[in-house]
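S.K.: I have a structure I would like to understand better, so I am pasting it below and will then ask my questions one at a time.
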Amino acid sequence: MIEVSALTKRYGDKLAVDDLSFTVRPGVVTGFLGPNGSGKSTTMRMMLGLDKPTRGRVLIDGKPYAALDEPLTQVGALLDAKAMHGGRSARNHLLCLAQSNGIPAGRVDEVLDTVGLTAVAKKRAKGFSLGMGQRLGIAGALLGDPRILMFDEPVNGLDPEGIHWIRNLMRSLAHQGRTVFVSSHLMSEMALTAEHLVVIGRGKLLADTSMADFIRDNSRTYVRLRSPERERLLDVLRQEGVSVTEGAEGTLEADHADPARLGELAHENGLVLHELSPQSASLEDAFMQLTAQTVEYHAHTGAGPAAVPPGAAPPPPGGVQGWGENQDRKGN
Ligand SMILES: Nc1ncnc2c1ncn2[C@@H]1O[C@H](COP(=O)(O)OP(=O)(O)OP(=O)(O)O)[C@@H](O)[C@H]1O
C-alpha cells in the first residue's frame, strides 16, 4: 500500500504538486492520470525518495522509501526507461542491479524471459529500440519480485503489441495481489487497464475513484436532435423544461432526456426531425472535460483559441501557453 499525505513540491515559483493525499491499494491497477505537466512524475519521484517533498510525506507499507531494507525487493519502478547504463548488455545491467540489492543472479534470466528479452540479453542496451528499453526497464522493476510496482508512462512510444503486453502484465501483477500504480496522460489507455483512478491537474487532486464511478460521474449522455425547424424545436424543448445546448453543425443536444419523450414532443408539435440519437461522450471526453481548466500546455491550432471538448469549460484567460517547455524538458 502507498499512502500519500499532504504531498507538496515547489520548484521556485512553481507549485508542481499541491497538497496531494490519496492511498494506492493492492490487488487492482491504479491509474494516475493528469494532463502533461500536471505533476505525475514529480509525485512518483517523491514516492521513490528521488525528490524531497516541500511538505507532506509518502509511506510505502508504513515506511518512507528511504527506510526500506533492500528497496528493490519491496518497490519496483519504471520511471525513465532511457536512464540506464547504455554501454552494458541487458543481462549485465540487470546483474548489477541484482548484486547491489541482494537478489540471486538466477532471477535475472527469469525476468529477461518474462519481458521477452532473452534473445537479446547479451546485446548492449544502447542499441535497443524504445520498446526494448521499456521492456528492460520493466525487467528491472520486476527483478526483486516486489509487492509494489510503479510505472511512469510505460506505454509511451510503444507499438500496439507492446501496449497490449504491458496492459496484460500490469493486470496480472495486480491480480497476484500486488500494488500497481501507473501514470498516463491517456484516458483511453487507462480505461482498458485500471480499475481505480487518481486524477490530478496542476498538482491538485481532481478525482480518487473507481473507474466505474468515474465513468458514471463524468461521462455525459445526451440526445442529439437535428431538425429543419431548429428554432421552433428549441422553443418546444425549453418550454418542456429540457436542458438543451447547441451542438455541432446546427444540432441540438438535450441532456438527461428520454429519447422516446423527445420524439413524442416533436410529433405533438408537428416538427420534422432529421435526427434523434442518444449519445454518450467517451471517457476521453470525460477526462478532458474534468481537466480542461487545469491543462497547462495546449497545442495552438493557429485558428483561434485552443480546442476544448464539446461541453467542456474553456481554459481560464491567460492560462493558455505554448506547447513546448514540458515536452522539451522531457525530450519527448
Ligand atoms: N526539476 C524541475 N525544476 C523545475 N520545474 C520542474 C522540475 N520538474 C518538474 N517541474 C515542473 O513541475 C510541473 C510538473 O511536472 P511533471 O513532470 O511532474 O508533470 P507530469 O504530469 O509528469 O507531466 P508529463 O505528462 O508531461 O510527463 C511542470 O510544470 C514542470 O515543468
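So for the sequence shown, the numbering used here puts the first residue at 122; every next one is plus one.
By construction, the Cβ of each residue, glycine as well, lies at the ideal position given by its N, Cα and C atoms.
On a predicted model such as this, the values are computed, not experimentally measured, just so you know.
1. Buried or exposed, going by whether 16 or more other CB atoms sit within 10 Å of the CB of Gly133?
2. For Ala219 and Leu318, I'd like the C-alpha separation in whole angstroms.
3. Output the distance between the C-alpha atoms of Glu446 and Leu354, rounded to the nearest integer angstrom.
4. Specify whether the stretch 250-266 and the stretch 179-199 touch according to this definition: at least 3 beta carbon pairs, one from each stretch, less than 8 Å apart.
5. What's the C-alpha gap between Met122 and His285?
6. Between Glu385 and Ser309, how many whole angstroms is the CB-CB distance? I'm expecting something under 8 Å.
7. Tell me where the beta strand (DSSP E) around Lys130 begins and ends.
8. Alpha carbon to alpha carbon, how far is Ala240 from Arg299?
9. Assign Gln410 to buried or exposed, taking buried as 16 or more other Cβ atoms, counted over all protein chains shown, within 10 Å of its Cβ.
10. What does the Cβ neighbour count give for Ser305, buried or exposed, with the cut at 16 atoms within 10 Å?
11. If you measure between the beta carbons of Leu270 and Leu294, is that distance less than 8 Å?
12. Is it right to say Thr164 is buried, meaning 16 or more other beta carbons lie within 10 angstroms of its own, or is it exposed?
13. For Lys184, list the residues DSSP reports as bridge partners.
14. At what residues does the alpha helix (DSSP H) containing Lys325 begin and finish?
15. Under 7 Å Cβ to Cβ from Arg288, same chain only, skipping five residues before and after it: list those, please.
16. Say yes only if the C-beta of Lys161 is nearer than 7 Å to one or more non-hydrogen atoms of ligand 1, and no if none qualify.
17. Could you work out which residue in Val150, Val138 and Leu136 is closest to Gln297 when comparing CA atoms only?
18. Would you check whether ligand 1 has a heavy atom nearer than 7 Å to the C-beta of Ala198?
19. Return yes when the C-beta of Ala328 is under 7 Å from any heavy atom of ligand 1, and no when it is not.
20. Would you identify the three-state DSSP class for Glu282, choosing helix, strand or coil?
21. Is it the case that the Cβ atoms of Arg345 and Thr372 are separated by a distance below 8 Å?
22. Start and end of the alpha helix (DSSP H) containing Pro380?
23. From Ala211 to Ser331, what does the alpha carbon distance come to, in whole angstroms?
24. Indicate whether Ala378 and Val393 have their beta-carbon atoms separated by less than 8 Å.
25. Might you give, ordered along the chain, the residues of its own chain that have their beta carbon closer than 7 Å to the beta carbon of Pro380, omitting 5 neighbours on each side?
26. Which residue marks the beginning of the beta strand (DSSP E) containing Leu397, and which one marks its end?
27. Please state whether DSSP places Leu141 in a helix, a strand or coil.
M.R.: In short:
1. Counting Cβ neighbours within 10 Å, Gly133 comes out exposed, since fewer than 16 surround it.
2. Here the C-alpha atom of Ala219 lies approximately 32 Å from the C-alpha atom of Leu318.
3. Reliability of the predicted coordinates at Glu446 is poor, the pLDDT of 31 falling under 50, and the value obtained from them is presented with this limitation in mind. If I take the Cα positions, the gap works out to 47 Å.
4. By the Cβ criterion, the stretch 250-266 is in contact with the stretch 179-199, since at least three pairs of Cβ atoms, one from each stretch, lie closer than 8 Å.
5. Rounded to whole angstroms, Met122 to His285 spans 26 Å at the Cα level.
6. In fact, because the Cβ distance is near 36 Å, the residues do not count as touching under 8 Å.
7. That run of the beta strand (DSSP E) goes Ile123 to Tyr132.
8. Each residue's CA atom was taken as its position, placing Ala240 and Arg299 some 28 Å apart.
9. Taking all protein chains shown into account, Gln410 has 16 or more neighbouring C-beta atoms within 10 Å of its C-beta and is therefore buried.
10. Classification for Ser305: buried.
11. Result yes, Cβ atoms of Leu270 and Leu294 sit closer than 8 Å.
12. Buried, since its Cβ has 16 or more Cβ neighbours within 10 Å.
13. Paired residue(s): Ile181.
14. Run containing Lys325: none in the alpha helix (DSSP H); it sits in the beta strand (DSSP E), Lys325 to Ser331.
15. Cβ within range, chain order: Leu313 and Thr314.
16. The answer is yes for Lys161.
17. For the residues Val150, Val138 and Leu136, the minimum Cα distance to Gln297 belongs to Val150.
18. Shortest gap from the CB of Ala198 to any heavy atom of ligand 1: 7 Å or more.
19. Shortest gap from the CB of Ala328 to any heavy atom of ligand 1: 7 Å or more.
20. In the three-state reduction of the DSSP assignment, Glu282 falls in the helix class.
21. Cβ atoms of Arg345 and Thr372: closer than 8 Å.
22. First-last of the alpha helix (DSSP H) with Pro380: Pro380 to Glu389.
23. Here the alpha carbon of Ala211 sits roughly 37 Å from the alpha carbon of Ser331.
24. The Cβ-Cβ distance between Ala378 and Val393 does not fall below 8 Å.
25. Val344, Leu397 and Pro399.
26. Unbroken beta strand (DSSP E) run through Leu397: Glu396 to Ser401.
27. Taken through DSSP and simplified to helix, strand or coil, Leu141 comes out as strand.
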